[in-house]
Each structure stands twice: as C-alpha cells, then as structure tokens.
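Residue numbers (the numbering used here), protein chains in the order written: chain A, 1 to 273; chain B, 1001 to 1273; chain C, 2001 to 2273. Yeah, the Cβ is synthetic: ideal placement off N, Cα and C, and Gly gets one too. Just so you know, these numbers come straight off a predicted model, no measurement behind them.
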C-alpha cells in the first residue's frame, strides 16, 4: 500500500504552503521537490490566506517563532480548514519556552489539524500543556524504548482521540497513530540526529503525502515516516570514510529524490498495533 | 563577447546588496562568491540605503515578503537609482497573491529597474497587472514553446520598451530582451526545476554581471542566463546513479565556480532575433 | 591541550542558543552538530530569556539585523550574564552601516562578552567606534600580514584588556588574544573566503568550545579557530577537479564532524606571543 501512496505524490505533484522556520527552510523546499511536490513559502498575514488557497495543504512549523508569523499561522490554518485542506503541525521546541508551548496550544485549539508530528517531549508537552524539552531534542527521560513502547502507543492513541488528528512521534522508534491503530516504525538511523532538520523535512514531506492521499491520513503519515527513515538508511550506505553530517544531509535528500514505490514497500519496517 | 563579460565579473569582483527571501538566500550568497562577486544581505530600513551605497548593485527578490522589507526594497531601490547602480527585480510568485502582484507593481513604478527576471507567468502578471501563477512555478498554459515563441519574443520586447528595462523570461526556453533585440537561449535542463532557487540564484548572479558590465545590460543578462543554464548542463553530466537534487544543487554552484570565459563562449546556445 | 578542549565539547554536548542571521543559519546549526554540540535558534523577545536559560551559552551574530532581534540580543545577553553563561559576539559588517556599528557598540556596553570574533575591519570598528568595511569582508588596507603582525597583536591585546573579553581576529593570519597572551594561528586556506559563512560557523563553534571549557576562554577560542582552519585545509585536500565552493562547504562541515583531538593537536599551527 505504501507503494501506491508514494506514487500518488509523484502523480499529483501537490503544492504545499509552508510557514516554517528559517533554519531548515531550504532543506524543506528541496525535500518537497525531491518527493515530487512543489513548495511555496509565505508567512505574511497579508497573503497567507490567498497563498494557502492556491495550495493543496499547509505545513506549520514553529521552529523560529515571532508574533507576526503566529498570526499568519492561525489565519492560514483557518483558511485551510475552510477549504478542507490537510494541515500538519510541527511543534518544534514545545516545552522549551512558554511562547512555543502556548502557540502550539493555540494552534491545537483554533485550527483543525490533520497531523501533529514531533519528538516525544514536544508531543507530551502538547498533551499535558507543559513539559521539558532539551532545546529542540527530546528529553532523555521521555525517550521511547522497547520497554516503554506499550505505554507510548497507548499515549499516542489517546492523544490522537482527544485532538482528532493523527499523532506522529518520531525518534529512535517512531509511532504513528490515530485513536484506534498505531504504526510502530523502525526505519532510520541515529546519525540522522546529527543533521539539523530531519524532523522539519519529514513534516514537510508528510504534508505532500497527505494532500496526495486524502482519506487515509494515518497510512500516508506512516508511509512518509518510513520513507524518511529508509532514505536515512540508504544515504548512510553511501557515506565514505571522510564524509560527515553535511554530505549525509545531501544524500538523504538525494535518496528521497530517487525513492520509488517498490523500494519503499520493500524497505519499510513497521508493525501495526 | 560572453567571454569578456564573464571575465569582467571576476576582475571587478562587485559587491552586491541582496534583499531576498530566506529560502534560497544561502545559495544566492554562494553563487555570487562562485562567480567572483561578493554578497551582502541587509533588509532593515535603517541600514539599506547605507549598505546599498557601498555596493555596486542591488538584487531585489520578493520570495518571502513582509511589510518591513517591502519598505526596505523601495528605499534601497531609490538610493540605488540616485547612485546610478544597476537594480534587478525577481518578482517571485507575482500573480500568486495580491501582496506579491502589488509589490511588484509598486517596485516597477517607484524604482527604475535595469532588469526584471522571472518565469513567464510572473512577467505576464507584471505586464497585465494580474495573472495566474502556480505558486512559484509558471502556469502550464503560459509556457513558452517552439510554437508560441514568436509571440513571446514580441511580448518581451514590448514589455521591455514599456518599462525601459531588460526583460528576462526563463523556463525551458529563455528569452532575454530589450525593446529591439532578443536573445533566445536554449541552455539548461528540466532537472534544474527540481531544485529550489535556480531562478533566485540566476537573478543574484545577473546583478553581478550587470555591475561588472555597465552599458551592456542586455548582453550581460544574456551571458548570465547562458552561464546558469550551461552550468546546469555540466552539473548534470557529473551526476551518478544515486545522486539527486541536493547533490545537483551543489554541483551547479561548483560549475559556476569553475566556469571560465572559454567554456561559456563555447557552451552558450542562443540565437538573436 | 587542544586535544582535551575538543574532547570536552564532544563529552559535554553543550546546547547553544543562537541569535543569528538567516543567510548562514543552517550551516551554523550543522557545524554545531558536527562538533558535538546542539543548536537552538530563537530570536523573539518573548522567548529568548527562557531559551537562553536552558542553554549553556549564547551566540550573537548581527549578519542580518532588525529592531526586533536587536532587542532580543540585549535581553538574551543580559540573561546569559545573570546566569554566568559564555556569550560570543560576531559583529558581521560592523563599519558597513551605522546600524551595525551602533548595535555592536550597544552590545559591548550592555552585555558582558566572553569573546568577540570578527575580521580585522570589524574589530577595528568596534575599537574605534567607526570604521570601513568592504561589505562583510575586511578592508584590504586593514589586512594582517607578516609585516604588520606585531602591531596587530598589540592592538588585539589592548582591545581585549579594554573590553575584558577574548578578541579573535580572523583572516589569512588569525590572532586570538586576551590582554596578556596572543595566539597567532596559521591554519586555513584562502579558498575558505569563497564560501559564505566560514566566519559565522567559527563563531557558533567557538560558543560550544567555550561552554565545554569554562575557565580557559582564550585557549578554547584558539582551539576552535585552529580546528576551523585545519578543517578548511583537510577539506581542500578532498576536492577534485570539478569541485567548487559548494562542495567545499560540505566537506568543511564533514571534516569538523570527523575531527578528533589527535588530529587537532597534530594539525594546529600556532605560536604564542
């Protein structure tokens, strides 16, 4: 099934509106192009409703917040809801500051989200209204392991039921869940955490997968998550002795560019609970 | 002649003031360095006039607009006019929102531009005051083909005459025209559209070509356009099986870095009408 | 000793708060990850004090200024002082505009800095309260050569004594000095000036070195400066005929990723005066 999901993205070539941080924005644009979609970035309140109207979906990422773009996020989110476009939220650093925690909460309250994707600390912060985040990385105390995974799956399903959105928690093990069903995904490699933006890139790509696969948001999100992790594995195989995180970043985007449905179907490592 | 034009850039090493979007800004800086120029980015109204005064030319790119930088664009543009510096406008996404269309119009009205460079939908929007743009890509209905090229050349010349600036329309076929003469350029490769920022990079590089070649803006713009397309071709030849759009981006900038006058003269594919 | 300094960074994995420009921000994030640290970028006055509180150190870079983030720089700087965190300033383009010169002066006045790192023109501007800067590059008249190096060392020591911060002046020859002791560093390669952001990256990395090596700011800054230059040399060795500045940028970050204490100890080229 993941094969068709990926192919639908290449066929539909969805246009994605991104209101995102200025740290990883270039990588987000290039990964959208790599997976077959088109990016547009626009964050001013004067144009976000119009821009989102010509797009198929909206990617909101709070990595570098300020009041001007928070306003734009709400406006674009509401317009997307009105037009029934998928909306994905990446609550980067929720828990690290009141501004990030409260903005995430405001977006959850005022915008109907299709998917929320973050690390476990960020998602826990959203669920509890407060949290601890080690900057933009997950707090080590929160991390999902083989030992606590049943609890994590239950948490993800409960939170999904509460917010009526797919919940994607990524880390060493990824969980993608709606209220009834969870994908536990074991693609990826620890080296991915040595690049800035693998999370942001996955969120952007998921937006494209959602737009091209309406009606199966859970599966589309799981497929995108497997795809990103798999590309992290394939890119790692290409690294030679002198390569480091910068070359790795390029190779991951390259692998997304070259990924096809067959490779994804074969390489995806997941179980359903 | 293109040989001398390129060599003039390496000799003069012009300093270019960029007020540009945050998506492709790093690539714009690196391509300016690659072609022999120096970049400076500054977008606050408090400093843009001073910054533009120490530079040789100004690159205005509306890829991620907000009120603060629109004001800066106008101020810097007027100061550049006062100092007789070349000014180039990249109306990214004109037609996709009122803000972009109106800001482009305002810049056309209030700043004397040396060159306007965009895709056909953006340029058509500028000419008509409205338009349709598929995000930041050209609308397929607008695209220049061998069949409609005579019309497109006439349109480019007419619009150039009207705004008294060189008009550069880039796509599968590029047209660079003033009111009397048009270069039809067939360098480049479709894969270039799979990278974010090839247009932005070309605009930035054109600014450097203009500054180093005062008095022949048409030829300088045509040379820069051929150079970018040619580097896209040369970079493509370097790609191996596993490479994708991210490596391609790096190789294009690398080719600009390594391009010399001989290679450009030999590789440029154009006719004049 | 540089060996231990580098290893301390990898052991401590310090979290660095960056208020930096949008041109090279992605490279700064990736080089922090490459050297073993973690980056967080946050520039809104509503959150910078909280963010800086969860970090170990603060990197302030004025490469793309506006009023909003100047306010944030002051707030974050003062909070860092309160918490006794190291603070490093990169006065990008000081001398090129009143805004940059005055903002640097304001930061010097209101924030206790641990290190100031810039090119000779920028540092001279800070010392004199005015200056000439060729955009973001050093003015050629200012450049440090074997002939004027004694004067430059004296200048660096005097200025360090005056501002009570380590002064790092980088260029063809680097000087890292406190009021009594100066490291003269001869690592690096002229090709590094063909990439945007080598200075910004060094400043970000120095912040990590400072946090992991409290009590020896001079040595930590010298070690980071040698490390960056050495990685520029090692990356150059990897370049093949068709490579240019974009590949070079990737390789430099890769070398930082692969650098260990032994390599740094062996490759560092410096004398102490």
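Counting contacts by CB-CB distance shorter than 9 Å, is residue i in contact with chain A?
i: residue 1024 (chain B); result: yes
i: residue 2012 (chain C); result: no
Quick one: does residue i have its CB under 9 Å from some CB of chain B?
i: residue 153 (chain A); result: no
i: residue 2063 (chain C); result: yes
i: residue 2247 (chain C); result: yes
i: residue 2021 (chain C); result: yes
Examine the ligand NAP and report whether any of its heavy atoms sits within less than 8 Å of the Cβ of residue i.
i: residue 3 (chain A); result: The ligand content of the structure shown is nil, which means the ligand NAP is not present either.
With 9 Å as the threshold, decide whether the Cβ of residue i is near any Cβ in chain C.
i: residue 1039 (chain B); result: yes
i: residue 1029 (chain B); result: yes
i: residue 1250 (chain B); result: yes
i: residue 81 (chain A); result: no
i: residue 93 (chain A); result: yes
Using a cut-off of 8 Å between C-beta atoms, extract the partners of residue i located in chain A.
i: residue 1244 (chain B); result: 34, 253, 254, 255, 256, 257, 258
Kindly list, in the order they appear in chain A, the residues whose Cβ is closer than 9 Å to that of residue i.
i: residue 1096 (chain B); result: 40, 42, 47, 50, 51, 54
i: residue 1003 (chain B); result: Per Cβ cutoff of 9 Å: no residues; residue 1003 (chain B) is ~32 Å from chain A at best.
Mind checking who residue i pairs with in its DSSP beta bridge?
i: residue 1016 (chain B); result: B:1039, B:1057
i: residue 286 (chain A); result: Summary: the structure shown does not reach residue 286 (chain A), with chain A confined to residues 1 through 273, and so no result is reported for it.
i: residue 44 (chain A); result: Paired residues: none, contrary to the question.
i: residue 2174 (chain C); result: C:2185
i: residue 1168 (chain B); result: B:1117, B:1176
i: residue 94 (chain A); result: A:97
i: residue 2272 (chain C); result: C:2183
Can you pull the chain B neighbours of residue i, defined as C-beta to C-beta under 8 Å?
i: residue 2170 (chain C); result: Within 8 Å Cβ-Cβ: nothing; residue 2170 (chain C) doesn't reach chain B, min ~17 Å.
i: residue 2018 (chain C); result: Under the 8 Å cutoff, chain B gives no residues; its nearest Cβ is about 15 Å from residue 2018 (chain C).
i: residue 2188 (chain C); result: Correct list: empty, because the minimum Cβ distance to chain B is about 16 Å.
How would you list, in chain order, the residues of chain C whose beta-carbon sits under 7 Å from the beta-carbon of residue i?
i: residue 1214 (chain B); result: Per Cβ cutoff of 7 Å: no residues; residue 1214 (chain B) is ~19 Å from chain C at best.
i: residue 196 (chain A); result: 2026, 2029, 2030, 2033, 2039
i: residue 137 (chain A); result: 2038
What whole-angstrom Cβ distance do residue i and residue j have, given they're in contact under 8 Å?
i: residue 2086 (chain C); j: residue 2211 (chain C); result: 6 Å
i: residue 1077 (chain B); j: residue 1111 (chain B); result: 3 Å
i: residue 1950 (chain C); j: residue 2255 (chain C); result: The question about residue 1950 (chain C) has no answer, for chain C in this structure spans 2001 to 2273.
i: residue 1020 (chain B); j: residue 1200 (chain B); result: 7 Å
i: residue 2156 (chain C); j: residue 2116 (chain C); result: About 10 Å; that fails the 8 Å criterion.
i: residue 205 (chain A); j: residue 222 (chain A); result: The Cβ separation is near 13 Å, so there is no contact.
i: residue 2195 (chain C); j: residue 1033 (chain B); result: 7 Å
i: residue 184 (chain A); j: residue 173 (chain A); result: 6 Å
i: residue 2123 (chain C); j: residue 2092 (chain C); result: Not confirmed; about 12 Å, so no contact.
i: residue 2013 (chain C); j: residue 2037 (chain C); result: 6 Å
i: residue 178 (chain A); j: residue 1066 (chain B); result: Not really, about 37 Å apart at Cβ, beyond 8 Å.
For residue i, go through chain C and note every residue whose CB falls closer than 8 Å to its CB, in chain order.
i: residue 1068 (chain B); result: 2066
i: residue 100 (chain A); result: 2047
In chain C, which residues lie less than 9 Å from residue i when you measure between Cβ atoms?
i: residue 1238 (chain B); result: 2242
Inset, instruction - Note down, one range per segment and in chain order, each alpha helix (DSSP H) of at least 4 residues found wholly within the region 2196–2241 of chain C. - result: Taking only runs of at least 4 residues, the alpha helix (DSSP H) segments lying wholly in the region 2196–2241 of chain C are 2198–2212, 2217–2238.
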